[in-house]
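Data block below; observations after.
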Amino acid sequence: MLCRAKRGLSAGPSARIQSIRTIQKIAKSMKMVAAAKYTRAERELKPARVYGTGALALNEKAHIKGPEDKKKHLLIGVSLDRGLCVAALTPAGKEVVLVGIGDKIRGILHSTHADRFLMSFKDVGRKPPTFGDASVIALELLNSGYEFDEGAIIFNRFRPVISYKTEEKPIFSLNTIASSESLSVYDDIDADVLQNYQEYNLANIIYYTLKESTTSEQSARVTVMDNASKNASGMIDKLTLTLTVITKELIEMISGATALD
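The numbering used here puts the sequence shown at residues -1 to 259.
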């Protein structure tokens, strides 16, 4: 009976140890995959930042600002189909229209702000985003017919040491760009040039934010899988110690019973 008790008591921790080891192997494999994707995402982020920061700097140098009586506000939330998501805030007293990039942000906001969604895009983040993807999003937005006074794009900006920070960058309508005093001094800038500039500028900013969000997500995956692997190691050590104590006590009990016989 004592032998059966020994097998019954030791089977529980042993089975749990084996199960946790399996989970640990899966976590390590997922970490390796995430690390490879993170390395690629970080490498592709560097040139994307040049385009994005250049477009934003040009807007700043041209002193492009929204109208003072701005009422129509456009918010573009950049997330991915899986992983991290940013929160879109609704400014008080303004007509706010939302554009969701990625299923994650749509799933969170659509239940409470379905009437505010102008459009949403899915299948984002399953593959590394390209400038072509950003161009399609920009053209869909510009061809939607919605005229906004002020806009912003919200995304997770990747930071070194495996972290990220939610940031907001301004975007401008064609009318706002055309009314800029700094651009009006150039005689060779006509309506077609301004429209091409807006399309290219918006595509650059969207491409840049997509790359930032992708890198942020992959870096977070590496951290999460690494922590999961470490936690599994700690649980295995504790269960192994428990199993050792149980086995030792059972051996002492069996030895005592044998001595009495």
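Don't be surprised by glycine CBs; every beta carbon is placed ideally from N, CA and C.
Is it right to say residue i is buried, meaning 16 or more other beta carbons lie within 10 angstroms of its own, or is it exposed?
i    : result
N202 : buried
A90  : Unreliable placement is indicated for A90, whose pLDDT of 44 sits below 50; the coordinate value is still reported in the next sentence. Exposed, since its Cβ has fewer than 16 Cβ neighbours within 10 Å.
S214 : buried
V236 : The sequence shown places Lys at residue 236, not Val. The residue is exposed, with fewer than 16 neighbouring Cβ atoms inside 10 Å.
Q16  : exposed
S253 : exposed
A257 : exposed
G75  : buried
A112 : exposed
R219 : buried
Less than 7 Å separating the beta-carbons of residue i and residue j?
i    : j    : result
I204 : I135 : yes
G64  : T207 : no
I18  : I234 : yes
A279 : N229 : An answer regarding residue 279 cannot be provided, because it is not within the stretch -1 to 259 covered by the chain.
S118 : G143 : no
A39  : T212 : yes
K246 : A46  : no
K35  : Q216 : yes
For residue i, write down the residues that DSSP places opposite it in a beta bridge.
i    : result
I62  : Partner(s): none; I62 has no beta bridge.
S118 : G98
Y162 : F156
K70  : E93
P168 : A150
V76  : I99
Taking 8 Å as the limit between beta carbons, can you name the residues of its chain near residue i, skipping five residues before and five after?
i    : result
A120 : It should be noted that the sequence gives Lys, not Ala, for residue 120. Counting only Cβ-Cβ distances below 8 Å, and skipping sequence neighbours, we find D79, G100, D101, R104.
L241 : S8, P11, S12, I15
In chain order, what residues of the same chain have a beta carbon less than 7 Å from the beta carbon of residue i, not counting five sequence neighbours either side?
i    : result
Y49  : N202, Y205, Y206
T238 : I15
L116 : V95, L96, V97, S142, Y144
Residues in the same chain with beta-carbon distance under 6 Å from residue i, minus the five sequence neighbours each way, listed in chain order, please.
i    : result
Q22  : S227, A230
R157 : K163
F129 : Y205
A33  : V220
L72  : V95, F146, G149
L43  : K209, T213
Quick test of the definition: if touching needs 3 or more C-beta pairs under 8 Å, does the region 51 to 65 touch the region 169 to 181? yes
Answer yes if the region 24 to 31 comes into contact with the region 222 to 232, meaning at least three C-beta pairs across the two stretches below 8 Å, and no otherwise. yes
Validate contact between the region 143 to 152 and the region 161 to 178 using beta carbons, cut 8 Å, 3 pairs: yes
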